[in-house]
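In what follows, a single structure is set out as structure tokens and then discussed.
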Amino acid sequence: MRVFRNKKRRTATILHDFYIEKIGMRFRFAENKGYPTTPFPEKFIPKFKGEAFPKKIKLYQEIIGLIFYTVIIFRPDVAHAIFLFCRFLTNPNPFHRRLAKRVLQYSYGTRFLGIKHGVIQTIPHLIMANNASFGNNPKIKKSFKGYEYAQESFTIIYLEFEFMPANGFTKPLSLNKFEHFRAFLNLYDAQHEVQGGLQTR
Numbered sequence: 003m004r005v006f007r008n009k010k011r012r013t014a015t016i017l018h019d020f021y022i023e024k025i026g027m028r029f030r031f032a033e034n035k036g037y038p039t040t041p042f043p044e045k046f047i048p049k050f051k052g053e054a055f056p057k058k059i060k061l062y063q064e065i066i067g068l069i070f071y072t073v074i075i076f077r078p079d080v081a082h083a084i085f086l087f088c089r090f091l092t093n094p095n096p097f098h099r100r101l102a103k104r105v106l107q108y109s110y111g112t113r114f115l116g117i118k119h120g121v122i123q124t125i126p127h128l129i130m131a132n133n134a135s136f137g138n139n140p141k142i143k144k145s146f147k148g149y150e151y152a153q154e155s156f157t158i159i160y161l162e163f164e165f166m167p168a169n170g171f172t173k174p175l176s177l178n179k180f181e182h183f184r185a186f187l188n189l190y191d192a193q194h195e196v197q198g199g200l201q202t203r
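The sequence shown begins at 3 in our numbering and counts up by one.
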């Protein structure tokens, strides 16, 4: 774990990039020219009707275990994929192993994403979501679509059901929806800080 401190902005960013880089070197992901933009494709994962070989089971469990550690502490954007793959720990098929490696590839490609703490200059937001349109008639208060209410201390902004943050923890998302989900998690890309050599501890 690394903590990058920006004294001027009074922020601290927690990264787990060294750990992810070690995994990438172990599985030779560092040699890849491109990486997945999402950790999980929009496809159903079937159960394996056959029986996996012990060596393949061990490899699959090793992959899941390696990334599970960093997911729990630093990378909630990968949580749904890992928890879903845990269903197949005892009998994974080749498709499951490919998808598990995809998660590792995605994590390596985004290894500079971290959790940023510090002073927030923007107005705090209360995010609300609803899965009904209520007739789409704001004049008679039967619709919340596009509705925004602001006070000095907070802002309430309508969020459509398909962009609910909870979707990122319960289902595979398209690239557009996944980017919205990751933005809500407030994961910060600290690559320029790493390259700039800010104070680390």
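We put the CB at the ideal spot given by N, CA and C, even for glycine.
One Cα belongs to residue 30, the other to residue 107, and the distance between them is close to 10 Å. When the Cα atoms are used, residue 192 and residue 93 turn out to be separated by approximately 38 Å. Residue environment: residue 71 is assigned as exposed (fewer than 16 neighbouring CB atoms within 10 Å of its CB, all protein chains considered).
Where residue 117 is concerned, the enclosing beta strand (DSSP E) starts and stops at 115-120. Approximately 7 Å separates the beta-carbon atoms of residue 111 and residue 38; this is inside 8 Å, confirming the contact.
Shown here, residue 47 sits in coil according to DSSP, grouped into three states, outside any helix or strand.
By the C-beta criterion, the segment 48-60 is judged not to be in contact with the segment 74-86, since fewer than 3 inter-stretch pairs fall below 8 Å. Within its own chain, the residues whose Cβ lies closer than 7 Å to the Cβ of residue 120, once the five positions on either side in sequence are excluded, are 11, 12, 13 and 14, listed in chain order.
The three-state secondary structure of residue 4, taken from DSSP, is strand.
Listed in chain order, the non-local C-beta contacts of residue 68 below 6 Å within the same chain comprise 25, local neighbours out to five positions each way being set aside. Between the alpha carbons of residue 118 and residue 55 lies a distance of about 42 Å. In the structure shown, the three-state DSSP call for residue 86 is helix. The alpha carbon of residue 78 has as its nearest neighbour, out of 5, 28, 40 and 9, the alpha carbon of 40. Taking the CA atoms as reference points, residue 115 sits about 27 Å from residue 47. No residue range can be given for residue 79, since it is assigned to no alpha helix (DSSP H) and is classified by DSSP as neither H nor E. Look at residue 162 here: in three-state DSSP terms it is strand.
Counting only the Cα atoms, residue 65 lies some 26 Å from residue 185.
About 6 Å separates the Cβ atoms of residue 169 and residue 175, confirming a contact at the 8 Å cut-off.
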